[in-house]
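Let me begin by presenting the structure, written as structure tokens, before commenting on it.
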Amino acid sequence: MAKQPMLKFVTVDRDMPEKRDAKVRSHDFDEIYAEYAAAKAEEQASRCSQCGVPYCQSHCPLHNNIPDWLRLTATGRLEEAYAVSQATNTFPEICGRICPQDRLCEGNCVIEQSGHGTVTIGAVEKYITDTAWENGWVVPVVPAQEREESVGIIGAGPGGLAAADMLRRAGVQVTVYDRYDRAGGLLTYGIPGFKLEKDVVMRRVAQLEASGVEFVLNCNVGEDISFDAIRGKHDAVLIATGVYKTRDLKGPGSTAEGIVRAIDYLTCSNKVSFGDEVPEYESGELNAAGKKVVVVGGGDTAMDCVRTAIRQGAESVKCLYRRDRKNMPGSQREVQNAEEEGVEFVWLSNPVGFTTGVIEPEGSGAGAGRVRQAMVQKMRLGQPDASGRQSPEVIEGSDYAEEADLVIKALGFEPEDLPKLWDTEGLEVTRWGTVRADFGSGRTSLDRVYAVGDIVRGASLVVWAIRDGRDCAAAILEDLDAPAAVAAE
Ligand SMILES: Cc1cc2nc3c(=O)[nH]c(=O)nc-3n(C[C@H](O)[C@H](O)[C@H](O)COP(=O)(O)OP(=O)(O)OC[C@H]3O[C@@H](n4cnc5c(N)ncnc54)[C@H](O)[C@@H]3O)c2cc1C
Ligand code: SF4
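Numbered as in my numbering, the sequence shown ends at 648 without a single skipped number.
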């Protein structure tokens with residue numbers, strides 16, 4: 160009888176790829192997890208219980224066929240595992256690295272529920288596709304037949320790129336416009352290299368180019384070219400512009416020099432990692448080296464900022480968040496990584512103002528208008544509100560000063576006012592400013608105009624942007640084949 164290759168969770172413990180030592184990794188921007196060796200990937204994949212109703216699959220936004228590619232990996236059939244994995248996911252090696260698996264696939268793994276420790280789904284997914292790249296199995300798209308229709312995609316983030324890939328597979332001519340000088344959106348300029356190394360993103364962009372996708376970079380739609388001009392050039396237009404308006408700090412001194420936006424700080428650091436010369440980094444404006452850094456916020460953007468500041472050589476890095484550890488929106492795994500690297504979390508703390516002045520030693524270049532301290536109110540968690548979440552309440556008389564000469568605002572992002580920026584009539588937005596679009600197709604209020612990703616959902620996840628982009632490409636193809644205009648209600 161053939162040996163049973165699966166259900167090894169009873170005898171084999173969960174084992175993640177090795178994490179580099181915090182003392183070493185906190186000096187560079189390389190990813191913190193090593194790669195599985197082949198035998199280890201097979202062993203870990205073999206822990207899957209192949210359950211009849213795979214909750215991991217239903218909780219993956221892409222409904223990846225996880226049990227099948229785990230079984231193929233466990234039996235050494237990696238090329239087939241890759242074929243199954245990429246059939247539902249445009250960028251499996253990226254999701255394997257940065258999906259919050261504890262909230263998605265792994266968090267719903269049946270053997271995790273029974274106390275055996277989840278199958279390391281993300282790490283195996285990454286291993287399969289990294290191996291596919293090494294072996295040359297990832298090849299540019301060659302459509303069976305070219306089509307005449309063209310689609311213009313505004314925004315080269317994961318949502319736009321996933322749609323571009325699917326449309327090229329169908330032979331559609333695709334042009335992607337982006338205001339940055341490199342494609343990838345937040346994969347390139349938001350998420351730091353220690354979570355997602357940049358060559359992983361750039362090889363995908365190069366592959367799309369080799370598949371015939373045209374990129375028009377350094378092109379800010381609304382400034383360098385109008386939205387109407389793009390509509391005039393293409394048979395359909397997809398808006399995948401993400402959300403970039405930073406929520407601001409309030410209170411006296413909150414516009415002082417040295418208080419910066421997380422997106423500017425992270426973009427600058429990522430550009431430096433590419434080897435670009437960035438004046439704001441050279442001048443110290445967006446460089447934490449030697450500084451007392453305070454990051455305000457408790458989400459994943461805040462985690463990326465604190466860990467970047469550590470790597471830039473900050474004197475100290477503190478993260479201020481108004482709720483406690485249990486109630487923060489960021490991933491617990493990231494908090495742990497940050498703590499190991501030397502970040503201090505100051506829970507239940509809310510900055511209400513900032514003092515400014517010359518920083519000692521005088522002549523260090525810091526002007527009188529530069530931030531020196533954050534004035535912080537201590538909070539406690541009160542009664543749960545209607546949503547069940549406890550609201551933070553101020554502890555009167557608890558204010559104190561936190562030394563800071565670089566403050567990074569990581570309080571979340573909101574959509575820019577696209578109809579105004581683009582002078583577009585008829586593009587409906589929701590009361591949150593996101594583009595009103597049909598989930599599942601991306602159709603908007605304008606004929607042959609679609610929208611996907613964060614600009615529709617609000618700040619969300621890469622895996623959801625990919626899902627939206629793929630679904631929307633299918634709807635665009637359907638509409639291109641049906642001459643009558645189709646618009647959302
Ligand atoms: C710091 C940070 C860390 C994150 N970490 C994670 C993580 O670990 N895991 C995860 O799943 N998600 C993470 N996210 C969220 C994730 O990055 C986003 O949900 C995802 O990138 C959204 O994809 P998108 O394609 O909708 O938009 P984006 O990735 O934002 O791409 C939008 C693109 O549109 C371009 N654009 C915008 N306006 C214009 C214009 N007028 N003209 C031309 N181009 C324009 C932008 O330059 C950009 O390239 C993180 C987000 C941030 C900010
Ligand atoms: S795409 Fe994300 S949620 Fe889906 S299997 Fe991969 S890591 Fe899990």
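The C-beta atom is built at its ideal place from N, Cα and C for all residues, glycine as well.
Item to complete: Would you check whether ligand 1 has a heavy atom nearer than 7 Å to the C-beta of P220?
Response: Locating residue 220 in the sequence shown gives position 61, where the first residue counts as 1. For ligand 1, not one heavy atom lies less than 7 Å from the Cβ of P220.
Worksheet entry | C-alpha gap between E439 and N446, whole angstroms | Position 280 of the sequence shown, counted from the start, is the residue given in the question as residue 439. Position 287 of the sequence shown, counted from the start, is the residue given in the question as residue 446. For the pair E439 and N446, the Cα-to-Cα distance works out to about 8 Å.
Item to complete: Report the three-state DSSP secondary structure of K178 (helix, strand or coil).
Response: Taking the sequence shown and counting its residues from 1, the one referred to as residue 178 is at position 19. Correct three-state label for K178: strand.
Discussion item. Extract the residue ranges of the alpha helix (DSSP H) inside the segment 442-473, only unbroken runs of 4 or more that lie entirely within it.
Written reply: Qualifying alpha helix (DSSP H) stretches, in chain order: 459-470.
Practice prompt. Kindly indicate which three-state DSSP category G255 falls into: helix, strand or coil?
Written response: Taking the first residue of the sequence shown as position 1, residue 255 is located at position 96. DSSP places G255 in helix when its eight states are reduced to three.
Worksheet entry | Cβ contact check for the segment 404-416 and the segment 314-332: 3 or more pairs under 8 Å | These segments do not touch.
Worksheet entry | Contained alpha helix (DSSP H) runs [length at least 4] in the segment 557-624, N- to C-terminal order | List check, alpha helix (DSSP H) in window: 577-580 and 613-616.
Item to complete: Assuming L570 contacts R406 (C-beta within less than 8 Å), just tell me the rounded distance between them.
Response: By one-based count along the sequence shown, residue 570 stands at place 411. By one-based count along the sequence shown, residue 406 stands at place 247. With a Cβ gap of about 4 Å, L570 and R406 count as contacting.
Worksheet item: Quick one: is the Cβ of V300 within less than 7 Å of any heavy atom of ligand 2?
Response: As a first step, residue 300 is located in the sequence shown; it is residue number 141 there, counting from the start. In this structure, the C-beta of V300 stays at least 7 Å away from each heavy atom of ligand 2.
Worksheet item: Which of helix, strand or coil does DSSP assign to S428?
Response: As a first step, residue 428 must be located in the sequence shown, where it is residue number 269. For S428, the three-state secondary structure derived from DSSP is helix.
Item to complete: Helix, strand or coil for R492, going by three-state DSSP, please let me know.
Response: As a working mapping, residue 492 is identified with position 333 in the sequence shown. Here R492 carries a helix assignment [DSSP, helix/strand/coil].
Discussion item. Does I280 come out as helix, strand or coil in the three-state DSSP assignment?
Written reply: Here residue 280 is taken as the residue at index 121 of the sequence shown, counted from 1. Three-state DSSP puts I280 in a helix.
Practice prompt. With a floor of 4 residues, list each alpha helix (DSSP H) that falls wholly inside the segment 383-410, ordered by position along the chain.
Written response: If we require 4 residues or more, the alpha helix (DSSP H) runs fully inside the segment 383-410 come out as 386-392.
Worksheet item: Within the present structure, is the beta-carbon of I280 separated from the nearest heavy atom of ligand 2 by less than 7 Å?
Response: One-based indexing of the sequence shown puts residue 280 at position 121. Yes, the Cβ of I280 comes within 7 Å of a heavy atom of ligand 2.
Worksheet item: Quick one, which of G512, G585, V452 and R595 has its alpha-carbon nearest D558's?
Response: As a working mapping, residue 558 is identified with position 399 in the sequence shown. The candidate whose alpha carbon is nearest that of D558 is G512.
Discussion item. Quick test of the definition: if touching needs 3 or more C-beta pairs under 8 Å, does the segment 313-320 touch the segment 622-633?
Written reply: The segment 313-320 is in contact with the segment 622-633.
Item to complete: With hydrogens ignored, establish whether the beta-carbon of R629 is closer than 7 Å to any heavy atom of ligand 1.
Response: Position 470 of the sequence shown, counted from the first residue, corresponds to residue 629. With a cutoff of 7 Å, R629 does not count as near ligand 1, since its C-beta is closer than that to no heavy atom of the ligand.
Discussion item. Shorter than 7 Å, the distance from the beta carbon of V622 to the closest heavy atom of ligand 2, or not?
Written reply: Translated into positions along the sequence shown, residue 622 becomes position 463. Within the cutoff, so yes.
Worksheet item: When the Cα atoms are used, what is the spatial distance from R173 to E271?
Response: As a first step, residue 173 is located in the sequence shown; it is residue number 14 there, counting from the start. As a first step, residue 271 is located in the sequence shown; it is residue number 112 there, counting from the start. Cα-Cα distance, rounded: 10 Å.
Worksheet item: Residues in its own chain within less than 7 Å of Y286 by CB, not counting five upstream and five downstream?
Response: For this step, residue 286 is matched to residue 127 along the sequence shown. Excluding sequence neighbours, Y286 sits near E194, Y195 and A200.
Discussion item. Rounding to the nearest angstrom, what Cα-Cα distance links E584 and L636 in this structure?
Written reply: The residue you call residue 584 lines up with position 425 of the sequence shown. The residue you call residue 636 lines up with position 477 of the sequence shown. Cα to Cα, E584 sits roughly 25 Å from L636.
Fill in: Of the residues P574, E500, E239 and N248, the one placed nearest G617, counting alpha carbons only
Indexing the sequence shown from 1 puts residue 617 at position 458. Nearest to G617 by C-alpha distance, out of P574, E500, E239 and N248, is P574.
Fill in: N-terminal and C-terminal residue of the alpha helix (DSSP H) that T414 is part of
Taking the sequence shown and counting its residues from 1, one reaches residue 414 at position 255. First-last for T414: undefined, no H or E at that position.
Item to complete: Measure the Cβ-Cβ separation of V437 and K430 and say whether it is below 8 Å.
Response: Start at 1 with the first residue of the sequence shown, and residue 437 comes out as number 278. Start at 1 with the first residue of the sequence shown, and residue 430 comes out as number 271. In this structure, V437 sits near K430, with a CB-CB distance shorter than 8 Å.
Worksheet entry | Separation of S370 from V301, as counted between CA atoms | Against the sequence shown, residue 301 aligns to sequence position 142. Against the sequence shown, residue 370 aligns to sequence position 211. The alpha-carbon atoms of V301 and S370 are separated by roughly 7 Å.
Practice prompt. State buried or exposed for T170, treating a residue as buried only when at least 16 other CB atoms are found within 10 Å of its CB.
Written response: Taking the first residue of the sequence shown as position 1, residue 170 is located at position 11. It is exposed - the Cβ of T170 has fewer than 16 other Cβ atoms within 10 Å.
Worksheet item: Would the beta-carbon of P551 be found less than 7 Å away from any heavy atom of ligand 1?
Response: Locating residue 551 in the sequence shown gives position 392, counting from the first residue. No, since every heavy atom of ligand 1 falls outside the 7 Å radius drawn around the Cβ of P551.
Practice prompt. Indicate whether L507 and R548 have their beta-carbon atoms separated by less than 8 Å.
Written response: Here residue 507 refers to the residue found at position 348 of the sequence shown. Here residue 548 refers to the residue found at position 389 of the sequence shown. No, Cβ-Cβ distance for L507 and R548 is not below 8 Å.
Discussion item. Taking the beta carbon of D576 as the centre, do at least 16 other beta carbons fall within 10 Å, making it buried, or is it exposed?
Written reply: Here residue 576 refers to the residue found at position 417 when the sequence shown is read from its first residue. It counts as exposed.
Discussion item. I'd like the list of long-range same chain contacts for K404, defined as Cβ closer than 7 Å, with 5 residues on each side in sequence excluded.
Written reply: Numbered from 1 along the sequence shown, position 245 holds the residue referred to as residue 404. Answer for K404: F572, E573, P574 and E575, listed in chain order.
Discussion item. I need the boundaries of the beta strand (DSSP E) containing E356, first residue and last residue.
Written reply: In the sequence shown, the residue the question calls residue 356 occupies position 197. Note, E356: premise wrong, no beta strand (DSSP E); not H, not E.
Worksheet item: Since E382 and A181 are thought to touch, with beta carbons under 8 Å apart, how far apart are those beta carbons, to the nearest angstrom?
Response: Numbered from its first residue, the sequence shown carries residue 382 at position 223. Numbered from its first residue, the sequence shown carries residue 181 at position 22. In fact, because the Cβ distance is near 43 Å, the residues do not count as touching under 8 Å.
Worksheet entry | The alpha helix (DSSP H) enclosing L345, as first and last residue numbers | In the sequence shown, the residue the question calls residue 345 occupies position 186. That run of the alpha helix (DSSP H) goes L345 to Y348.
Worksheet item: Of the choices V402, P578, S432 and A342, whose alpha-carbon is the least far from that of E373?
Response: Here residue 373 refers to the residue found at position 214 of the sequence shown. The shortest Cα separation from E373 among V402, P578, S432 and A342 belongs to A342.
Worksheet item: At a cut-off of 7 Å, is I287 close to ligand 2 when judged by its beta-carbon and the heavy atoms of the ligand?
Response: By one-based count along the sequence shown, residue 287 stands at place 128. False, no ligand heavy atom lies under 7 Å from that Cβ.
Practice prompt. For W591, count neighbouring C-beta atoms within 10 Å of its own C-beta (all shown protein chains included) and say buried if the count is 16 or more, exposed if not.
Written response: Stepping through the sequence shown from its first residue, residue 591 is reached at position 432. Label assigned to W591: exposed.
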